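Numbering (our numbering), first residue to last: 152 to 452.
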């Protein structure tokens, strides 16, 4: 199975049930499929008119492709959306060997695009997914039509040690339902916390909690999965190719220093549109969904 797996067959079944509940909440029809890659079988969700231009969506850490379900009405208005379960995260993908560096994730994602017959695409990524998408755009700028980054980490700034330690101890070391819910609440502003237990977020957050409880990460592995600890993305190929870039950061971001990240991005990617969202933290799509959808709709049109 590689470096990580579910704690048991029963645990996987329980998680998959939550995953399927999240899918059932979609107002846009979704097709599920699996594609082969050099790192294992990757689960893919597809939504929207296949005659429209492609958009590849990459979720954040400890999440899955279902995280994009609330955004689908906006995303599918202009694109056929391919949502991918990261090969080294909780989800329906099944790893056959580990990813140990960002180049592995670039190769894996390129395998996915080839299997899906996507030659060139728009990309959207959240948190760690934004980091993966940026590495891909740097390695293959000719295949990236535009790039939207929500709450990015590891691109212009490293990840906050406090943020990392909180997530590591909650999910990787000692996950309990109460602790995982507390972590989810820490990602949003106080005004949003009660909404996390209401539709449309309740099903997704129940799935997140199930993943934290049931998915086994190999903490003892000497080569853990690649993580955006530092700012390690080469943005020069993206700048040279003049790829349109949208960066959306919550004014109360906790994963890194948002203003510092924005300042560096402005210097390195002068073509980028950088937007700060008031009353939003790292989970800005939950804090201010209407603002995020408006920005994405404008950028993708």
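Using N, Cα and C, we set each Cβ at its ideal position, and we do this for glycine too.
From a predicted model like this one, the values you see are computed outputs, not experimental measurements.
If you keep only unbroken alpha helix (DSSP H) runs of at least 4 residues inside the region 226–290, you get 253–266 and 279–290. DSSP places residue 450 within a helical segment (H, G or I) once states are collapsed to three.
Residue pairing by DSSP places residue 191 opposite 188 and 246 in a beta bridge. Put simply, of 308, 322 and 353 the residue whose alpha carbon is nearest the alpha carbon of residue 419 is 308. Bounds of any beta strand (DSSP E) do not take in residue 394, whose DSSP letter is neither H nor E. Taking C-beta atoms under 8 Å as the contact rule, residue 190 and residue 367 fail to qualify, at a distance of about 18 Å. Relative to the Cα of residue 213, the nearest Cα in the group 447, 403 and 279 belongs to 279.
In this chain, the alpha helix (DSSP H) harbouring residue 336 covers 328–337. Contact check for residue 235 against residue 263 passes: the beta carbons are separated by less than 7 Å.
The beta carbons of residue 408 and residue 339 sit no closer together than 7 Å. In the three-state scheme derived from DSSP, where H, G and I count as helix and E and B as strand, residue 203 is classed as coil. Residue pairing by DSSP places residue 156 opposite 367 in a beta bridge.
When beta bridges are read from the DSSP output, residue 181 appears opposite 198.
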